[in-house]
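Peer 1: Okay, here's the structure, questions in a sec.
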Amino acid sequence: MLSFQYKEFAALSVQELYEVMRLRNEVFVVEQECVYQDADGKDLHAQHLLGMVNNELAAYVRILAPGISYPAYCSIGRVVVSPAHRCKQYGIAIMKKAIEICQEQYDTPIKISGQCYLEGFYTDLGFKVVTEEYLEDDIPHYGMVLG
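The sequence shown: position 58 = 1223 (the working numbering), numbered continuously.
Below is the structure:
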């Protein structure tokens, strides 16, 4: 069963921060073969939602207030599920929790930059494509909005 921990950057333990960065690098850099600057400075201003299973990081997203990524939107990013925990609906669960948090905290729509191959995943959650396809770190993405 997936349980959630929701923390500001300063509240993350060194171990939690290490596990978040390890998982993001495992999936976004190694698995997706994408060399990019993951530590982009936004983590310092983000809220971090960790999806835990038996004290192990199984899924993760970061939530950004309006003005950090987009002037008039809050945002959810770095959406990732551990390869060891895929096919268990954890991506859906952590996104639903992140959407709930955004709707409680911010009076704005939610904007994401979603990888094109995940368009169905995000549209099933209620997001709508609002941009043409574009490359972000050499991976096709869409700008998508909910709300």
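The beta-carbon is built from N, C-alpha and C at its ideal position, and this holds for glycine as well.
1. Within this structure, are the beta carbons of leucine 1311 and phenylalanine 1286 separated by less than 9 Å?
2. Glutamate 1173 to isoleucine 1233, Cα distance in whole Å?
3. Between the C-alpha atoms of isoleucine 1228 and valine 1195, what's the straight-line distance to the nearest angstrom?
4. In the DSSP assignment, find the unbroken alpha helix (DSSP H) run with isoleucine 1266 in it and report its ends.
5. Just list the residues that DSSP pairs histidine 1213 with in beta bridges.
6. Run through the DSSP bridge pairs and tell me what glycine 1308 is partnered with.
7. For alanine 1237, I'd like the list of residues in its chain whose CB is within less than 7 Å of its CB, leaving aside the five on either flank, ordered along the chain.
Peer 2: On the basis of the data shown:
1. Along the sequence shown, read from residue 1 onward, the residue named residue 1311 stands at position 146. Along the sequence shown, read from residue 1 onward, the residue named residue 1286 stands at position 121. No, they are not a contact pair.
2. Numbered from its first residue, the sequence shown carries residue 1173 at position 8. Numbered from its first residue, the sequence shown carries residue 1233 at position 68. Approximately 15 Å, taken between the alpha carbons.
3. What you label residue 1228 is simply residue 63 of the sequence shown in a count that begins at 1. What you label residue 1195 is simply residue 30 of the sequence shown in a count that begins at 1. Computed Cα separation, rounded: 23 Å.
4. Position 101 of the sequence shown holds residue 1266. Start and end: 1255 to 1270.
5. For the purposes of this step, residue 1213 is identified with residue 48 of the sequence shown, where counting begins at 1. Per DSSP, Lys1172, Arg1227.
6. Along the sequence shown, read from residue 1 onward, the residue named residue 1308 stands at position 143. In DSSP, glycine 1308 forms a bridge with Ser1278.
7. Stepping through the sequence shown from its first residue, residue 1237 is reached at position 72. The answer, listed in chain order, is Pro1231, Thr1273.
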